[in-house]
Structures are given as C-alpha cells and as structure tokens.
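Inspection log for the structure reproduced underneath, given as structure tokens.
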Amino acid sequence: MRRKKTILKLITFGAIIFFVGLFFRSISPKKTETQFSTIVKNMNNKEKPSYYFIGSSRVQKSINPAILREKFHNQNIYNLGISGSTFLSNSILTDFLIQNHTPKVIFVELSPIIQELSTGLIQFADEAELDIFKSIHELNKKENVLKKTRIGINTLNSYVFAKNPLKKDIKRILGVHHQKRNKKIVGFVPLDQNNFESTTPFITFNEINSLSIKNKDLSSYHNYINYLLELSSKHNTKLIFFLPITYKNNKEKNIVIPLYNSLPDSIKIKYSKKFIKNITNTKYLYDNNHLNNKGAEKYTYLLCSLIENYFTPK
Amino acid sequence: MIEFNLLLILLYVLSSLALLSFFSKENKWKALLTTSLLFYYILAGSKLFLLVFIAYIIYLFGFVIQRNHSKTKVAIFAILIPLVIAKVTNTSFHFEDYITKDVWLFEWFKWSSLFQIIGLSYFTFNSISYLIDIKRKYIKPEKNFFLLLLYLIYFPAIFSGPLHRAKYLIKQFEIISISDTSISKGTRLILFGLFKNMVIAQRIFSLINNLLSTDISGFYYLVLGLLFFLYLYSNFSSFVDLFQGISQIFGIQLKDNFRNRVYFSNSRQEFWKGWHITLNEWFRDYFFFVIAKYDKKRKYTDLFLFITFILIALWHEVIFTLLVWGVLNGSWIILEKKFDLKKLPYAKFRKSAGYLYHLFFSSILALIFISSDLNFLVQKLFDASFFPQEILENELMNIIIISCSFLIMDYHYSKAGNTRFDNYLQDKSFLNRWFIYIKLAIIILIFGAGTGVDNYYILF
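Protein chains in written order, with my numbering: chain A, 2 to 315; chain B, -8 to 451.
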C-alpha cells in the first residue's frame, strides 16, 4: 500500500513536470531553420572536392574558411569546429564525414578525449542524420568492458541532457534563441576583442619537439586514430592531424604533444619555428584559450603555406 | 570540474532499490555493499581491490588493538601511509586539475601513482576513527568484515564524506528500512542538492572560469575570491545534500556537514563551527584532543589549534600556498579568540558589520586557495584595477540566474533556521511543499548547467 503511495506521488510529480513542459512547448515560437541546416546543405554540394577542419572552439575561432576558399579557389572548405568538442566528438564527426561525404581531406584537431558529447555535436547529429552511438561503438571496439561501460554511461547521460526541450522552448519564448556571435555552436567565430595580455597560452616550438613530455597511455587515442585511418583509406579521404596553437592549461600538452609526436609526419601538420614565432603575439588573443579575429586571419594565412599541398592536384 | 553524471547516480539508486527488495531486513546492507562495490569499481576501476585489501588490514588491526592498545599508533601510522604518499607525490595543483576536467578525467582512471585513489581521504579518516574508538573502548571490533567494508566504502559517503563514526553508521546498516517517508525526505534533499549544484554552483564556476580567462586585476580580483567562496559552499554542500538524500531513501541518515547559511557568518569562529562540520569534528576528536590532553595547564591550546589548522590545510594539498592558507586561517581564529568580538558594543551593528568583515577576509583566503603562486596573487591584487566589461555583457543572463537562485536558496534556509531542508519541507502544507518541488524541478530543467553534479572536494 505504501509503495503504491510513493509510486503515485512520483507519477504525479512527473506528470506535472511533463504538462508544464507541454505548456511551454505550446506557447514557444515555432522552430526556424538553424545554422546546422545551412551547413548540412552546403556539405552536400559535391561539385568540388571538399575540405573540413574539425575541432573545438579553438578551431572555431582560429580558422577563417573565407581566406582558405579565396586562396585555394574552392568554396568547399569548411570550418566544422564545434564548441565543447573533444577528441571523441572530433572522431565521431570524422567518422561520419568519411562515410557520408567522402571529403578529400579532413584536418582534425588533437585534444584530450572526454567521455562526453558536446551539445553542439548532438544538435548537429540530429540534422545531419549522424548516428552518434553507432560511431562510438565502432571507435571503442577495442576498449575493455569497463571503459566501454563508462563511455556508454557518460555519453548517454550527455545525450539525454542535450535533448531536454524545456531549455530551448524557454529560450525561444524569451527571444534569446538567436545565438550571440561568440556563442555560435558550429563554424567560424570571429571575435574582435583582445582580453589577454600574455603570450603564455601559445605553444612553443621547443614544447612541440620536446621528447621529455611522455604519456605512456595513448592506447585509446591510437585506437580511434587507427580506426579512422583505416576507414579513410577505404574511402579515399586523407586525414591530417594538427595541434591547437593555444592552451588554457599546460596539462593538456602532456597528452596532445606525445600523441602528436607518436604520429607519422605524413598525417600531421608540422608547425615551423618561424610559424610559431609569427603567431605568438598577445594582440592575436581573444582570451587565454582562443584567438581573436586578427589572430584567426594571421593563423589561417600562415597555415596556407603548410597545407597547400593538400589543395593542389598532384 | 569533476562530474558525477546523473545517469550513473540514477542507476546506483535504482539498482540499490531493486537489490534491496530481494534481501530480508537484517541482510539489506548486503545489497548496499554490492552496489557500493560495483559503482565504485565503475568509477575507480581496479583501485577498488586495493581499498578492499586495506579495509581487510584495518579489520585485522581492530582485533589487534582490542587486545593490545599500544599497537594503536603503529596501526594508525600504517593506515596513514597511502594517504601521505598520495598527498606528497601529487605534484599538480588541485585547482588546475579541477578546471581541466578533460585532462584530469583522463588521468583519473590512469593515475601513475598507486595511491591516488578517489575517496582515499574519507576512507582513511573513517578507518582511523574506527581504530581509535576501539582503543577508547567506545566500540568493539566489528566481527563481520563485510559490514566494516560497507562502513568504509559506502558509496554515498566515500567521495566527500560526511565522516561518521562506525557506531553511528553500522547501527543504521543493520536496520535499513525503506518507506514512503524515507523516499520523500530523500527526494527533497536530492532536488535541493541538484538545484544548488547545477543551477548555482556550476553557473558560478562558469563565471569564475570566464573571469580567469581575462586580465581581471586589482580590486576586482577580490570578486573572484568572493565568487569562489560562494562556489565552494554551494558546490560542496549540494553534493552532500544529494548523497544525504540518496542515503535517506535507503533509510540511512548521514550527518549534516554544513550549517544553513554558513556563508553569512559574522566571525571566523562561527564559520568554522558550521563548515565541513564532520571533518572539523574529526580533527577535534582524533587530533586536537589527543595532543591537548598532554597540556594539562592549557598553556598551549592556541598552538595546538594553530597546528590543527596547518594540518587541515596540508590535507588539501602539500604546497606552500596552502601552508600560508592554513597559517592565516589558524592565526585568524586565534586572533578572534584573543580579541573577543562579542565584547564589542552595538550588537546589531556588530552583527551586520561582522558579515561584511567575514566575507571580505574569506574572499582573500579563497583567492589564496585558488592560486598556485603567491607572487602571482599579490601581483594581481596590486595591479591597476581592471574589469573586462564584455564579461558583464556576455554573462549578464548567467549573473541574473545565479543571483535569483541564490536568493531562493537563502530564502529557504532563512525560513528553515537550523532545520535540515527535508524536515523543513515536512512542516509545510501539502500545496506549499509541492509548489516548492515543482519550482525547483523546473528551475533545474531550464537553468541547470552541465550534465551531472560535481564536487571540488573530491580532489582531496
């Protein structure tokens, strides 16, 4: 009898929340076309070979695709940086692009694996018909049961939260669904301000080439990369990995530098000493983790000379 | 931030409830032991086996101490070894670890150091209290190893406490009873914990992080200290609320760890009486009283108090900055004792000014807590004042949500007085109670940040 009372209470509670949600849904303005649908449409333009830059907000704020399009006379160059993206998200997106859009080259940012999914990726996945969990399953095939369990629970958790419709409805009701420029979830984000007066966020040439930074356990990263390389060779896509140029925290370098150094030269972008010297300037920083618009312009121009081989027919 | 995702917590509660239903009343603790071990394993992996092994040694020590009290010191020394090694060998700065959730999470499961075990502090403190209580003849050694293991590794309490004496918790394990009341009370605490953690704490943390990304300096740098102080409270107390609630569902009442509205203390002494209560009681009972008994004339009480604060500081992390934090904390308390603030005139004014006085100095201490380098902190504080205006523009909505939510929390605490939130709601009318439930749930769903709950103190 008492158990029935508890269950009844929980059901009532759930029902009230549900109806409140329905009420907000009914009064919120209808969904209009999002930034994702434009991106997805563009991605389907297969007239010319396509090129993608994949990564986190650092990629969003540092690679200006307009400069690359102009330089390489190709409109199919995209910045697919996603806010909050990690190496797991990057790998999922790479997997999807290789299998569905067979781009010529995908440039992937090296970053730590977090066993979570960014909201941006989940929203993008809905519109691009990306099966996130299938991809996670493929990427983690070689992991042990414990790791698979953790990653399963963590990713499912972030997926469920990202699907919470109440937040979106309230934003629409309040009229704040049009995202601020600096909070855009996918694609290039140019930022004008310069809020950081130190060059400490920039990686140094010595750090990149330092063999003293060691990390013995990169197995998960290598599993992901090997899977993607195998897939890309089947689909005739080239995969190129690159290091972020700025770091909020030095500890991240303990993962990405050894990982970068463990990869063969043929699949990575190698920053030269001059490259690092030219970009290392406080005026190029938005904050301690991102470049501003000036920085993005400089970085993209500098990058052109390092990646032009991939854009010219052999 | 180190998050416990809500799905994992939900799975823990549901699987525990399901398993509990299969056991008879006197054996229900076995269900909780099973799920505690399973979920701790999911989080910490094979480190679990090391903890079980140490727990077995503690189990054996219990009998040794019962027979021969002189072995207590050796046993405690042995138990402390893993914790001391973990503290001394961890060379990274805790706040940096905390911010880089990504990197830290990665390393969490791959710690190179053997004793970097999540929850080791609370495991060790509970072990020591168990053994000393045996020596003091408060309790007899627990004959059932698995019951002792549950006391040491109880999932809702292992990560950040609250700390409990074995007698208090084991007694409750033996009479686990789930009822409509226990579920209602537990759910109330969970709801309030989620509200404080996901809406207030995580949003304050995001604000702190954004401010730290800029060149904020001078007087405005103190704002960071105040934010971090409020963050620590809302973050840690909400985590305790959540796990108190989960435990309450099983009919097990965990101790309170924070006094309601402890952030509005008007002296440091008052603050420490209501902050991380069980840890402070532990240090009082098992360290301060132990050394104080040698000082029969009470000549060195202040010195012992000072040493206790140094130890509490170094328990967080063995670094110079925290040593300074400990010294300042200890000195502050001792100075307040010497200049008895209660003797000051104008009681009402003294009380109001006391809030400001305490918040101001707490903000400075909080800054020390999050600075890896004192030079950096001094430089930041004495630089020309700079506040990044665009933060106000970008974070306006966040600041409004934090402020309103904080007012809601404070309103409930002011009404509750010294009563725990679940009991405070118990006294409300049915409609009023349900209005609060719905209000909190809707706020969490709309304004909750993140996908789980986190706790800064898990680092320690």
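Beta carbons are placed, not taken as given, at the ideal position from N, Cα and C, and that holds for glycine. The structure displayed is predicted, hence computed values, not measured ones.
Contact with chain B by residue i, beta-carbon distance below 7 Å
{"i": "A/Thr200", "result": "no"}
{"i": "A/Ser263", "result": "no"}
{"i": "A/Phe168", "result": "For the sequence presented, residue 168 of chain A should be read as Lys rather than Phe. Closer than 7 Å to some Cβ of chain B, the Cβ of A/Lys168 qualifies, so yes."}
{"i": "A/Ser159", "result": "yes"}
{"i": "A/Thr7", "result": "yes"}
{"i": "A/Asp127", "result": "no"}
{"i": "A/Leu147", "result": "yes"}
{"i": "A/Ile258", "result": "no"}
{"i": "A/Gln194", "result": "yes"}
{"i": "A/Ile154", "result": "yes"}
With 16 other Cβ atoms within 10 Å as the buried cut-off, status of residue i
{"i": "A/Ala16", "result": "exposed"}
{"i": "B/Val79", "result": "exposed"}
{"i": "B/Val253", "result": "buried"}
{"i": "A/Leu175", "result": "exposed"}
{"i": "B/Met189", "result": "buried"}
{"i": "B/Asn(-4)", "result": "buried"}
{"i": "B/Gly408", "result": "exposed"}
{"i": "B/Ala338", "result": "exposed"}
{"i": "A/Thr313", "result": "exposed"}
{"i": "A/Asn310", "result": "exposed"}
Interface flag, residue i vs chain A, CB-CB below 7 Å
{"i": "B/Gly209", "result": "no"}
{"i": "B/Glu272", "result": "no"}
{"i": "B/Asp171", "result": "yes"}
{"i": "B/Glu17", "result": "no"}
{"i": "B/Ala69", "result": "no"}
{"i": "B/Asn(-4)", "result": "yes"}
{"i": "B/Ser204", "result": "yes"}
{"i": "B/Ile429", "result": "yes"}
{"i": "B/Ile174", "result": "yes"}
{"i": "B/Leu436", "result": "yes"}
{"i": "B/Pro379", "result": "yes"}
{"i": "B/Trp102", "result": "The predicted position of B/Trp102 is uncertain, since its pLDDT is 40 and thus under 50; a value taken from the coordinates is nonetheless stated next. Cβ-Cβ to chain A under 7 Å: no for B/Trp102."}
Cβ pair residue i, residue j closer than 7 Å
{"i": "A/Ile40", "j": "B/Leu(-1)", "result": "no"}
{"i": "B/Ser420", "j": "B/Glu327", "result": "no"}
{"i": "B/Val55", "j": "B/Lys62", "result": "yes"}
{"i": "B/Ser376", "j": "A/Asn289", "result": "no"}
{"i": "B/Glu386", "j": "B/Leu198", "result": "yes"}
{"i": "A/Tyr222", "j": "A/Leu260", "result": "yes"}
{"i": "B/Ser175", "j": "B/Gly242", "result": "no"}
{"i": "B/Ser229", "j": "B/Gly184", "result": "yes"}
{"i": "B/Thr442", "j": "A/Ser159", "result": "yes"}
{"i": "B/Ala22", "j": "B/Leu10", "result": "yes"}
{"i": "B/Phe30", "j": "B/Phe146", "result": "yes"}
{"i": "A/Lys6", "j": "B/Asp171", "result": "yes"}
{"i": "B/Ile449", "j": "B/Ser225", "result": "no"}
{"i": "A/Tyr53", "j": "A/Ile107", "result": "yes"}
{"i": "A/Thr238", "j": "A/Ile93", "result": "no"}
{"i": "A/Lys105", "j": "A/Pro50", "result": "yes"}
{"i": "B/Lys246", "j": "B/Thr269", "result": "yes"}
{"i": "B/Asn18", "j": "B/Pro153", "result": "no"}
Residue i (DSSP reduced to helix, strand or coil)
{"i": "B/Asn59", "result": "coil"}
{"i": "B/Val309", "result": "coil"}
{"i": "A/Thr301", "result": "helix"}
{"i": "B/Ser208", "result": "strand"}
{"i": "A/Gly15", "result": "helix"}
{"i": "B/Asp445", "result": "strand"}
{"i": "A/Glu253", "result": "helix"}
{"i": "B/Trp99", "result": "Reliability of the predicted coordinates at B/Trp99 is poor, the pLDDT of 42 falling under 50, and no value is obtained from them."}
{"i": "B/Ile167", "result": "coil"}
{"i": "A/Glu110", "result": "strand"}
{"i": "A/Leu240", "result": "strand"}
{"i": "B/Phe146", "result": "helix"}
{"i": "A/Thr150", "result": "helix"}
{"i": "B/Phe426", "result": "helix"}
{"i": "B/Leu154", "result": "coil"}
{"i": "B/Asn(-4)", "result": "strand"}
To test your reading of the DSSP string, which unbroken alpha helix (DSSP H) runs of 4 or more residues are found completely within the region 160 to 206 of chain A? 166 to 175
Taking the runs of the beta strand (DSSP E) that are 3 residues or longer, which of them lie wholly in the region 26 to 103 of chain A? 52 to 56, 78 to 82
Report the residue ranges of all alpha helix (DSSP H) runs contained in full by the region 198 to 272 of chain B; include only those spanning at least 4 residues, in chain order. 212 to 240, 259 to 265
Threshold first: 4 residues or longer. Then list the alpha helix (DSSP H) segments lying entirely within the region 5 to 47 of chain B, N to C. 19 to 35
Residue ranges of each alpha helix (DSSP H) within the region 361 to 390 of chain B, 4 or longer: 365 to 373, 380 to 385
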